[in-house]
Amino acid sequence: MSESFSSPGIDPPSPTLSARLRELAEYLAAPAADRLTEEQRALSLGIARRLVADVAERLDGGIDPAGLWSEWLRGGLPGAERLAGLCFARAEEHRWREQSAQRSALPILAEPDETIVDAPAVGDPLSDVDGAYLALQIADRRRFDALGNPGLAVADLDGEIFRALLLDVAAWRLTEVSKDQGRAARLGEAVRAAVERQAGEAGLAEAGAAYYRILGETVPEVAATAIARHNWPVLIALAAAAHRRGYEDMALALLTAESAALPSLLAPLRLDRTALAPLEASLAMLPARAVADGSGGDHARHAVPGRGTR
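Residue numbers (our numbering): 265 to 574.
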């Protein structure tokens, strides 16, 4: 009679193995589906890292952002699903703008001579339109770091997403300062103060809405000029304001739209059909673009939870 024995079993998989198996399972479930390129992965990860560092700085200047990020990379980012849409939208917009800058040889055209004659002298106050456009440029520039790498400005975040990210950072920080009851108690107050500060800040969506309002009847002309010059931030901001949507949400809608859907998507800007040609051509040349399936449900399922106009 043979001796029976029980199998020792299999050790639980490590987090790394679990992640690899989950990724493989997703791939096997849809092997023909388009996948993120290395560029898309790197851009999105960099955007997330810079956002986490900015939020940590607002919470507590004593936080080591490199240590926080390294630990989160090992264990996975809290609230990854909340951040995925925002980071992907910002990364795709950045790829689009970089491609346009590299492909386009269009100079920044001077205005007609009679306009130059009437231009305000240095030191004169800006017109309302020029002031609103400058505010839009400044809000957009806040979405880059000092080296020109793309990021997400805290002022542009949805309030609930910002608060959730603050709480995630605070929970991580609490493990470091838990023995110091005073510092631990101050974390809650720091979260409250950061939330109040962010709620009072105007971001890119607000700047775009102000520019849209002040342009009035000239919106179609300005939007057409933005397309002709590949000035995508202005186009996205005006479209977002017209639709009362967040900037990142509008950017993702444009970037995933089929050419046939662009006229209806930009209908509130009252553009001529011919004015859309440079936009269609630019989008068509963007590698690995995640084009919507045309059913209308794709973008609705992946709408970016960003701050809308107020």
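Every residue, glycine too, gets a C-beta built ideally from N, C-alpha and C. Bear in mind the structure is a predicted one, so any value in this text is a computation, not a measurement.
Rounded straight-line distance, which links the Cα of residue j to that of residue i
i: ILE500; j: VAL441; result: 43 Å
i: ALA487; j: LEU398; result: 16 Å
i: LEU350; j: ALA283; result: 22 Å
i: GLU544; j: SER278; result: 46 Å
i: ALA453; j: VAL555; result: Residue 453 is actually Glu in this sequence, not Ala. Answer to the nearest angstrom: the Cα atoms are 44 Å apart.
i: LEU347; j: ARG534; result: 33 Å
i: ALA417; j: SER308; result: 14 Å
i: ARG354; j: LEU516; result: 8 Å
i: LEU390; j: LEU438; result: 48 Å
i: LEU285; j: GLN304; result: 21 Å
i: LEU518; j: GLU357; result: 9 Å
i: ARG525; j: PRO295; result: The sequence shown places Ala at residue 525, rather than the Arg named in the question. Those two C-alpha atoms are separated by around 28 Å.
i: GLY480; j: GLU512; result: 23 Å
i: TRP360; j: ALA504; result: 17 Å
i: ALA306; j: PHE352; result: 10 Å
i: ALA548; j: ALA541; result: 11 Å
i: LEU550; j: GLN363; result: 7 Å
i: LEU604; j: ALA552; result: Absent from the model: residue 604. The displayed extent of the chain is 265 to 574, so no value can be given.
i: ASP392; j: ARG450; result: 43 Å
i: GLU522; j: ALA457; result: 43 Å
i: THR482; j: GLU345; result: 39 Å
i: LEU422; j: ARG477; result: The question names Leu, yet the displayed sequence has Asp at residue 422. Taking the straight line joining both Cα atoms gives about 22 Å.
i: ILE327; j: ARG493; result: 42 Å
i: GLY395; j: GLY310; result: 32 Å
The alpha helix (DSSP H) enclosing residue i, as first and last residue numbers
i: ARG361; result: 344 to 367
i: LEU390; result: Here LEU390 belongs to no alpha helix (DSSP H), and DSSP marks it neither H nor E.
i: ARG461; result: 445 to 463
i: PHE235; result: With the chain represented from 265 up to 574, any question about residue 235 goes unanswered, as that position is not in the structure.
i: SER528; result: 526 to 529
i: ARG575; result: Outside the displayed range of the chain (265 to 574) lies residue 575, so it cannot be described from this structure.
i: ARG477; result: 468 to 479
i: HIS494; result: Neither: HIS494 is in no alpha helix (DSSP H) and is coded neither H nor E.
Where residue i falls, given that 16 or more other Cβ within 10 Å makes a residue buried
i: THR538; result: exposed
i: TYR291; result: exposed
i: MET514; result: buried
i: SER528; result: exposed
i: SER368; result: exposed
i: ARG508; result: exposed
i: ALA412; result: In the sequence as displayed, the identity of residue 412 is Gly instead of Ala. So GLY412 ends up on the exposed side.
i: ALA463; result: exposed
i: ASP420; result: buried
i: ALA220; result: This structure leaves residue 220 out entirely; the chain is present only between 265 and 574.
i: ARG338; result: exposed
Those residues which DSSP pairs with residue i across a bridge
i: PRO414; result: PHE408
Any non-hydrogen atom of the ligand MN within 7 Å of residue i CB
i: MET514; result: For the structure depicted, the ligand MN is absent and the ligand set is empty, with no information on it obtainable.
Report yes or no: do the region 426 to 434 and the region 311 to 322 share at least 3 C-beta pairs separated by less than 8 Å?
Taking a contact to require three or more Cβ pairs closer than 8 Å, the region 426 to 434 and the region 311 to 322 qualify as touching.
Touching or not, the region 286 to 303 and the region 329 to 338, by the rule of three or more beta carbon pairs under 8 Å?
Under the three-pair Cβ rule at 8 Å, the region 286 to 303 does not count as touching the region 329 to 338.
When you compare the region 458 to 478 with the region 400 to 407, are there three or more beta-carbon pairs, one atom per stretch, that lie closer than 8 Å?
Proximity of the region 458 to 478 to the region 400 to 407 meets the contact definition, three or more beta-carbon pairs being nearer than 8 Å.
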